[in-house]
Each structure stands twice: as C-alpha cells, then as structure tokens.
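Participant:
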Amino acid sequence: MLVRYGDGELERLVSDGEARSSTYDDDLVRSCRRRHQALVAAKDRQDLQALRSLDLQSEDGPGGAHVSIRLIGGTRLLLDLNEEKTDEVTVLGIVESDTREVAP
Numbered sequence: 523m524l525v526r527y528g529d530g531e532l533e534r535l536v537s538d539g540e541a542r543s544s545t546y547d548d549d550l551v552r553s554c555r556r557r558h559q560a561l562v563a564a565k566d567r568q569d570l571q572a573l574r575s576l577d578l579q580s581e582d583g584p585g586g587a588h589v590s591i592r593l594i595g596g597t598r599l600l601l602d603l604n605e606e607k608t609d610e611v612t613v614l615g616i617v618e619s620d621t622r623e624v625a626p
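Start counting the sequence shown at 523; every next residue gets the next number (my numbering).
#1: Can Leu603 and Arg557 be called in contact, C-beta distance under 9 Å?
#2: CB-CB under 6 Å to Gln579, same chain, minus the five flanking residues each way: which ones, in chain order?
#3: Spatial neighbours of Glu528 within its chain, please: C-beta separation below 6 Å, excluding the five flanking residues on both sides.
#4: How is the beta strand (DSSP E) around Glu606 delimited, first residue to last?
#5: State yes or no: is the C-beta of Leu535 within less than 9 Å of the C-beta of Tyr546?
#6: Could you pull the DSSP bridge partners for Gly615 from this structure?
#7: When the Cα atoms are used, what is the spatial distance from Glu610 to Met523?
#8: Among the residues of its own chain, which have a CB less than 6 Å from the CB of Thr608, if the five just before and after it don't count?
#9: Less than 9 Å between the beta carbons of Glu533 and Ser543, yes or no?
#10: Mapping the DSSP letters down to three states, classify Leu524 as helix, strand or coil.
And the structure:
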C-alpha cells in the first residue's frame with residue numbers, strides 16, 4: 523500500500539531508523555515502525571482486514587469514519603483509508619485506546 527502521513531513527526535520517526543522523539547517513548551516508536559512495515563506490505567484494505575494481529579477497528583472521527591490498528595500499551599494508530607483508491611492509507615496519528623485522544 524501507499525502510506526501517507528498526516529503527522530510530520532510520525533513520518534520522520536518511521537522513515538529514519540535513528541530518529542528519536544521527545545513526544546513518544548522508544549517502545550511506541552518501534553511499534554509504529556513495525557506497523558508501518560505491515561501497511562507497506564499489504565496490497566489493499568482487504569489484506570489489512572486479513573491480518574488479525576493488527577486488530578483493525580472502526581473509529582468515528584472528524585469528517586467521517588476512520589479505522590485504527592493496535593500498537594502497544596493501549597495505544598492505536600489512527601488511519602484514514604482512501605475510499606476510491608483501496609491501495610492508499612493515510613496515518614493520522616496515535617490515539618489512546620480508551621480516550622481516543624492523541625497520545626503525548
């Protein structure tokens with residue numbers, strides 16, 4: 523899949539293996555990198571749904587419905603799946619599983 527990022531810091535952390543963050547801890551960054559690899563390896567939305575380890579869930583978000591995949595420690599990666607191009611996904615950010623707010 524083609525993976526785009528709505529959050530510049532997340533894109534930098536995932537694309538640069540040496541990058542560190544003051545916002546996210548190292549375990550969370552490693553988890554994001556693993557999920558990024560799974561997103562890139564998937565051909566389309568149906569591949570994502572078939573990967574049970576991702577725990578793909580529907581989310582209600584601003585401007586329409588989104589989905590999220592499991593990270594670690596009760597956090598999830600919020601995604602916007604392109605309705606027209608099923609082989610594109612935009613990573614919107616990291617959310618807490620219970621509160622659905624951006625994780626610090």
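Just so it is clear, CB atoms sit at the ideal spot from N, CA and C, and this is done for glycine as well.
Facilitator: Straight from the coordinates:
#1: Against the sequence shown, residue 603 aligns to sequence position 81. Against the sequence shown, residue 557 aligns to sequence position 35. For Leu603 and Arg557, no; Cβs fall outside 9 Å.
#2: Within the sequence shown, numbered from 1, the residue matching residue 579 stands at position 57. Closer than 6 Å at Cβ, skipping near neighbours: Ser590.
#3: Position 6 of the sequence shown holds residue 528. According to the sequence provided, residue 528 is Gly. The question's Glu does not apply to it. Once the five neighbours on either side are set aside, the close Cβ partners of Gly528 are Thr612, Leu614.
#4: For this step, residue 606 is matched to residue 84 along the sequence shown. Looking at the DSSP string, Glu606 is not in any beta strand (DSSP E), and its letter there is neither H nor E.
#5: Taking the sequence shown and counting its residues from 1, the one referred to as residue 535 is at position 13. Taking the sequence shown and counting its residues from 1, the one referred to as residue 546 is at position 24. For Leu535 and Tyr546, yes; Cβs fall inside 9 Å.
#6: The count along the sequence shown starts at 1 and reaches residue 615 at position 93. The partner list for Gly615 (beta bridge, DSSP) reads Leu600.
#7: Locating residue 610 in the sequence shown gives position 88, where the first residue counts as 1. Locating residue 523 in the sequence shown gives position 1, where the first residue counts as 1. The straight-line gap from Cα to Cα measures roughly 5 Å.
#8: In the sequence shown, residue 608 corresponds to position 86, counting from 1. So the qualifying residues of the chain are Asp566, Arg567.
#9: Translated into positions along the sequence shown, residue 533 becomes position 11. Translated into positions along the sequence shown, residue 543 becomes position 21. Against a cut-off of 9 Å, the Cβ pair of Ser543 and Glu533 comes out as no contact.
#10: Position 2 of the sequence shown, counted from the first residue, corresponds to residue 524. Correct three-state label for Leu524: strand.
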